[in-house]
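Visitor:
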Amino acid sequence: MTHSVDRIPLKSPSPGTERFLTVHRFGTEGARPKAYLHAALHADEWPGLMALHHLVSMLDAADREGKIVGEIIVLPYANPIGMDQRQGGAVPGRYAYDGSGNFNRNWPDLSPMAAPYLGNGLTGDADADIVAFRGALKAAVADLPARSDVQHWRATLLGLSVDSDYVIDIHCDQEAQAHVYCHVEHAEIAREMAAAIDFPVVLLEEEAGGFSFDDCNAGVWRRMGGLVENGDALSMTCFACTLELRGKDDIEDDLGRSDAEGLYRFLAKRGLISGDGTALSDGPIPYRLDEVDVISSPIAGLVAFKAAVGETVAAGQVVAEVIDLTAADPLTARIPLKSSTDGLFFARNDLRLVQPGENVGKVAGRQPLAHRKKGALLEP
């Protein structure tokens, strides 16, 4: 058996307390392919915790049968800093209290940090350059600042993930169908994942903006052009994605087990686990992220939805109304919120009392939308 469990200490936030990451390792260190999975980077998003709870047991069984081919690293929870946030019985979990912002934004661009470790550049030999670049990335991560607890935590996660072939960052939306975000070059792998887990929405991006965790791991492979010789010849060897496992309340053993089985099928299909010859469908036709209409409220008010998650809607269709609670006449208090595109209403806000500008729902369509701008496609 190769399964081991590590406990990696993080910086203590105060005297008499400690934080740590639990890391499950399967397979042989350095073996290929390598996959890294974690859940609840946004610490208020918990469906992935259930899925990975079940996946670890499945991987342990596969390990006992000698089926692990590559190296698999699983963090059943990614963010003890965010999980420690408690306000009135709720776990906010999305933003760091130290002022550094969204836990899944502003991850470092490792490309300029990795370049000096490549000396005279890359050789143009694809296999040799992949090995060299992974080494440079590991060295760059080791140079990251780790003064604060959040900085140290970020560097620790990247130290585990940055040389992986597959990085699966598991989140959830508020009320939603399962969906995945990834770079357009990885469309076919994402479709394979969708077929394995059985979800309908694949969202492709070229430059989403925000420097999320998945982009930090995958995007660096396409940012070396101009920094080192032959840097533009590097392929995007790391498939990294943000997997959204439905909505925040979709936490059940049956769902978690089903998602774990899907993740297992995906890992087997990608060559990390032997002996699973399950045939997969082609998966859904992807949507581009600039084709997704993010509908927001113009005022503060109470939301009344007129479309269900998973419903196909038309451009101009009212998907929700926001009620102005200050209106003198209730009959004129409702403002319709309409879709700008024909498509799938795949996600909506779980809050019914919203602020001006707050996102209410998302519709995935097939036409680029003028108000969706490259480099600013993710919510803050």
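Anchor point for the sequence shown: position 308 equals 308 in full-length UniProt numbering, and the numbering is continuous, going up by one each time. Cβ coordinates follow ideal geometry from the N, Cα and C atoms, glycine included. Note that the coordinates shown come from a computational prediction; the quantities given were computed from them, not determined experimentally.
Under the three-state reduction of DSSP, which class applies to E311: helix, strand or coil?
Guide: strand
Visitor: Would you grab the beta carbon distance between L41 and H171 for me? Rounded to a whole angstrom, and I think it's under 8 Å.
Guide: 7 Å
Visitor: Sorry if obvious, but does the Cβ on A126 come closer than 7 Å to a heavy atom of the ligand FMN?
Guide: Questions concerning the ligand FMN fall outside what the structure shown contains, since it holds no ligand whatsoever.
Visitor: Taking Cβ positions, are Q174 and G247 nearer each other than 8 Å?
Guide: Closer than 8 Å, so yes.
Visitor: Smallest Cα separation from E291: which of P368, L302 and S100?
Guide: The shortest Cα separation from E291 among P368, L302 and S100 belongs to P368.
Visitor: Roughly how many angstroms separate the alpha carbons of G219 and K67, rounded to a whole number?
Guide: The straight-line gap from Cα to Cα measures roughly 31 Å.
Visitor: Indicate whether R336 and P298 have their beta-carbon atoms separated by less than 8 Å.
Guide: The question names Arg, but residue 336 is Pro in the sequence shown. No; because the gap between Cβ atoms is not below 8 Å, this pair is not in contact.
Visitor: Would V319 and F346 qualify as a contact pair, given that the criterion is a beta-carbon distance under 8 Å?
Guide: no
Visitor: With DSSP run on the structure shown, which of helix, strand or coil describes P80?
Guide: In the three-state reduction of the DSSP assignment, P80 falls in the helix class, which pools H, G and I.
Visitor: Using C-beta distances below 7 Å, list every residue in its chain close to F199, excluding the 5 sequence neighbours before and after it, in chain order.
Guide: Q177, A178 and H179
Visitor: Do the stretch 326-335 and the stretch 275-292 make contact, defined as three or more Cβ pairs closer than 8 Å?
Guide: no
Visitor: Go ahead and label H54 buried or exposed: buried means 16 or more other beta carbons lie within 10 angstroms of its beta carbon, across all protein chains shown.
Guide: buried
Visitor: Going along the chain, which residues of its own chain have a beta-carbon closer than 7 Å to the beta-carbon of R222, five neighbours each way excluded?
Guide: M236
Visitor: Let me confirm a value: N104 is counted as buried when at least 16 other C-beta atoms fall within 10 Å, else exposed. Which label applies?
Guide: buried
Visitor: Whole angstroms are fine: how far does the CA of A190 sit from the CA of I197?
Guide: 11 Å
Visitor: Where does N104 fall in DSSP's three states?
Guide: coil
Visitor: Going by the CB atoms, is the gap between R348 and G361 shorter than 8 Å?
Guide: yes
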